[in-house]
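Counting from 1, position 85 in the sequence shown corresponds to residue 1368 in this note's numbering; the numbering is continuous, with no gaps.
What follows is a short report on a single structure.
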Amino acid sequence: MFLNLIYDAGICIYALSLLFYISDCVKRNRAAKRIGTGLLVVAALFQCGAIGIRVGETGTFPVFTSFDFLLLSSFSVTVTSIAIIFTRRAEFASLLMNIIGFCVMLLNGLLLTAGYNPLESWQTVHGLLMLHIALASVSFTALTVGAVFAGMYMFLHRKLKHKKWNDIIRRLPSLEILDKYSYFALLTGTPVLILSLVIAVLSIATEGRWTLLADLKVLSTAVALGIYIYYFVRRHLHRRSGLETAVWALIGFGFIVLNFFLNAWSEFHRWSGV
């Protein structure tokens, strides 16, 4: 009951923060930006409080249910968006991150409920699984940042191509900077995703459940990883344009999002949130 109260309060404060951020993005308003930032910090504290409650309820770091994973992911996205606020000319990137974080938090509260999953049949690799899920959450956050800046790159590229200038365009970083930010975010998220996948394979091998290597979720994660590897190949070896690599960054992120919804058909991930 207390968890629901904290969670719902966090959603309401998050929504208020978004309203102030949208107000600042529509028309420059430093007061609205400061208030929105303050509310976002409070929302992050409520998320942290919800995580703390789940720690008390489960007796361990809460990552083993879909609700807990999405709560952790939304908290990571929120904290990252707060950090992006202090990046020059990145108000719209922070807004997009906040929209994603809010949607994750809202859908989590509407569609899922907190539960317990002691993983009796996976006790020998309990620590590995916890690390695997935690790394998946970090990877998701970094890849989200990469997708946001890639999307902004495509938007700005289209506007400049058609010579459509307005206040929004003037407030965005240059194409070069957007491409750089997207690249470094993906350069962070992809190795973490690889490490998370390696740990998952190790936990399967330790348990001797080799048939799970052909699990739909494992295969789809490998496909998503392949897309990001292809992104780097196209960028470095083929020296493709920023626009083309931005498209592949968004395709890869689309697979990451789709990946989560495959849990219902996954034997390995049915109990978890990754």
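Backbone N, C-alpha and C fix where the C-beta goes; we use that ideal spot for every residue, glycine too.
Fair warning: this is a prediction, and the values are worked out from it, not measured in the lab.
The Cβ atoms of residue 1488 and residue 1504 lie no closer than 9 Å to each other.
Within the model, the alpha-carbon separation for residue 1327 versus residue 1352 is close to 15 Å. Separation of residue 1479 and residue 1449 (C-alpha to C-alpha, rounded to the nearest whole angstrom) is 42 Å. For residue 1339, the number of other beta carbons within 10 angstroms of its own is below 16, and it is reported as exposed. Counting the other CB atoms within 10 Å of its CB gives residue 1446 a total below 16, which places it among the exposed residues.
With distances taken between CA atoms, residue 1294 lies nearest to 1390 out of 1456, 1413, 1320, 1390. Residue 1415 sits in a helix when the DSSP states are folded into three classes. Between the stretch 1328-1335 and the stretch 1306-1317 there are fewer than three C-beta pairs closer than 8 Å, too few to call the two in contact. For residue 1522, same chain residues with a beta-carbon under 7 Å away, outside a window of 5 residues either side, do not exist. Residue 1532 is a Cβ neighbour of residue 1469, given a cutoff of 9 Å. Taken atom to atom, the span from the alpha-carbon of residue 1419 to that of residue 1543 is near 11 Å.
Proximity to residue 1481 across 1462, 1494, 1501 peaks at 1501, based on C-alpha coordinates.
In this structure, residue 1471 lies near residue 1425, with their beta-carbon atoms less than 9 Å apart. Cβ neighbours of residue 1506 within its own chain (closer than 8 Å, five residues either side excluded): 1538.
Of the candidates 1312, 1512, 1296, 1519, 1512 places its Cα closest to the Cα of residue 1535.
Note that the C-beta distance between residue 1395 and residue 1348 is below 9 Å.
DSSP places residue 1287 in the helix class (H, G or I) of the three-state scheme. Under the three-state reduction of DSSP, residue 1351 is assigned to helix. Taking 9 Å as the cut-off, the beta carbon of residue 1325 is found closer than this to the beta carbon of residue 1300. In this structure, DSSP gives residue 1447 a state outside helix and strand, which the three-state scheme calls coil.
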